[in-house]
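Q: Be aware that the sequence shown starts at 937, since it is given in this note's numbering, and climbs by one per residue. Where is the CB? At the ideal position from N, CA and C, for every residue including glycine. If you're wondering where the values come from, they're calculated on a predicted model, not measured in any experiment.
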Amino acid sequence: MDNQQIPPLSPAPIPALILAAGGGRRLGGRPKALIPYRGRPLVEHALAVVRAGGCPTAVVVLGAAAGEVRATAELDGCRLVDNPDWESGMGSSLRVGLAALPPGAAAVLVMLVDTPGVTPAAVARLLAAHRAGAELAAAAYGGERGHPVLIGARHLAEAAEGARGDAGARALLKAHAAEIVLVECGDVAVPDDLDTPADLARWTDRAPLNSP
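(1) Just to check my reading of the structure: V1119 and A1075 have Cβ atoms closer than 8 Å, yes? What is that Cβ distance to the nearest angstrom?
(2) Let me confirm a value: N939 is counted as buried when at least 16 other C-beta atoms fall within 10 Å, else exposed. Which label applies?
(3) Quick check on this structure: which residue in G1025, A1114, A1068, A1060 has the alpha carbon closest to the alpha carbon of A1125?
(4) Determine the extent of the alpha helix (DSSP H) in which A1035 is found, giving its start and end residues.
(5) Taking the runs of the beta strand (DSSP E) that are 3 residues or longer, which of them lie wholly in the region 1040–1122?
(6) In its own chain, which residues sit with a C-beta less than 8 Å from the C-beta of A1103, not counting the 5 before and 5 after it?
(7) Using 7 Å as the threshold, is the C-beta distance between V979 and A988 below it?
(8) Exposed or buried, which one is A1137 when buried takes at least 16 other CB atoms within 10 Å?
(9) Can you look up G989 in the DSSP assignment and give me helix, strand or coil?
(10) Whose CA, out of L1037, D1018, P947, lies closest to the CA of A1000?
(11) What are the boundary residues of the alpha helix (DSSP H) that V1005 is part of?
(12) Does the distance from the C-beta atom of L1037 to that of G990 stay below 7 Å?
(13) Using only the alpha-carbon positions, how far apart do R1084 and L1072 sit?
(14) Pairs of beta-carbons, one from the region 1048–1058 and one from the region 1095–1102, closer than 8 Å: are there three or more?
(15) Have a look at P947 and C1014 and give me their C-alpha separation to the nearest angstrom.
(16) Buried or exposed: where does A957 fall if 16 or more other Cβ atoms within 10 Å of its Cβ makes it buried?
(17) At the level of alpha carbons, what is the spacing between A1057 and G1003?
Next comes the structure, spelled out in structure tokens:
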């Protein structure tokens, strides 16, 4: 062997998990995945954001009107999985999505479909935190934990076990609060979600900080 240095292996890309099963009950029963945002369904926007932020692969969990979402939204290149129990809450969608991750994933970036203010820059910051050693990380806004969140491989089984009702990863994050790396994103993203017609109206006219 010569004295040339062997370059380090590039870290494996982190997949995204987009939770897009909600029925939008307070939005007139329109599936959240198909709510139009800047000329395309929210689920397409979420997928574009995580890809632009550094997640080349994605699992998208569908629920309400899953067939219509598949037929309407352009979601090429990602894995679509259905959650038949989506009405029980976000927890079941998280479990379905975690079970569908690529084998050997070092971590997962969990994205909610109804957070249009999350930007590629916020996603990129969470991925950078993981590369720096964080096994649990969350976007923070003014120091307050928000979305998206990143879950390292050693916490995935616990995340699935604790995902019940509408809590999602809340049990995991509460149990490991001291370990969570809060990544400030308030200068590049907005944490608001879309739950009501007023939320939707506000976001329809709002110019995003940046876009994919």
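A: Once the coordinates are examined:
(1) 6 Å
(2) Residue placement at N939 is flagged as unreliable, the pLDDT there being 47, under the threshold of 50; the coordinate-derived value follows with that caveat. By the 10 Å Cβ count, N939 comes out exposed.
(3) When each option's Cα is compared against that of A1125, the closest is A1060.
(4) Residues 1026–1035.
(5) 1043–1048, 1072–1077, 1080–1088, 1117–1120
(6) G1025, M1026, G1027
(7) no
(8) exposed
(9) helix
(10) D1018
(11) 1002–1008
(12) In this structure, L1037 lies away from G990, with their beta-carbon atoms at least 7 Å apart.
(13) Correcting the residue identity first, residue 1084 is Pro in this sequence and not Arg. Answer to the nearest angstrom: the Cα atoms are 11 Å apart.
(14) no
(15) 20 Å
(16) buried
(17) 31 Å
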